[in-house]
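This report refers to the structure that appears directly beneath it.
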Ligand SMILES: NC(=O)c1ccc[n+]([C@@H]2O[C@H](COP(=O)([O-])OP(=O)(O)OC[C@H]3O[C@@H](n4cnc5c(N)ncnc54)[C@H](OP(=O)(O)O)[C@@H]3O)[C@@H](O)[C@H]2O)c1
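In the working numbering, the protein residues as written are 148 to 325.
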């Protein structure tokens, strides 16, 4: 049972700018649409646990639903999912512990946790095993932070660092326990 984060942040640690924008993710030109390790990562997980705000951002892109794995959207306010997504997207709520346990019982043992507040909830419960952070070379100066307050220190060990397109550093950390 492992929970993974794969997310891009600005140098100053934001995942969206002050207007909830993410176009800065394209700061580094990628004319050949080179994959930055995301598809390999997706192959390692059974399901995606996504915060409601992130889900609404993805829905706002329009077009085809992009995720090949089941997506569990965390929300206390959403009541329905569009009919076209009913076999791909499911609502879930509860603590990070509840969510992890419920999905584990259903056979989803490796989870991709996405969305700032959602990730923070899992970190507060010390339920993140791996963090893969792609650093985009831009300072946003404000916006949606990836990290928040924690009850204590959480130590990680660096598993690898890769540079993509000469500009984006991808840092892979594993939680060091005990
Ligand atoms: N840079 C990147 O790679 C990247 C990746 C992902 C997202 N983003 C951006 O980040 C922003 C979204 O992040 P965010 O911090 O605003 O939040 P988020 O985690 O996407 O969504 C927060 C919402 O999720 C729900 N939620 C979270 N934990 C829950 C739980 N345990 N049980 C029930 N509901 C729970 C709540 O919804 P309710 O209010 O409905 O209860 C909460 O308001 C968007 O702008 C998105 O585009 C960027």
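A virtual CB, placed ideally from N, CA and C, is assigned to each residue, including glycine.
{"Asked": "Let me check you understand the geometry: is the CB of residue 194 closer than 6 Å to at least one non-hydrogen atom of ligand 1?", "Found": "no"}
{"Asked": "Quick check on the burial criterion: 16 or more other C-beta atoms within 10 angstroms. Buried or exposed for residue 316?", "Found": "exposed"}
{"Asked": "For residue 230, name the three-state secondary structure that DSSP assigns.", "Found": "helix"}
{"Asked": "Is the beta carbon of residue 320 less than 7 Å from the beta carbon of residue 303?", "Found": "yes"}
{"Asked": "Residue 200 by DSSP, collapsed to three states: which one?", "Found": "helix"}
{"Asked": "Return the chain-ordered list of same chain residues with a C-beta closer than 7 Å to the C-beta of residue 292, the five sequence neighbours on each side being excluded.", "Found": "160, 161 and 263"}
{"Asked": "Which two residues bound the contiguous alpha helix (DSSP H) that contains residue 251?", "Found": "243–252"}
{"Asked": "Please list the terminal residues of the continuous beta strand (DSSP E) segment that includes residue 318.", "Found": "315–322"}
{"Asked": "Helix, strand or coil for residue 192 per DSSP?", "Found": "coil"}
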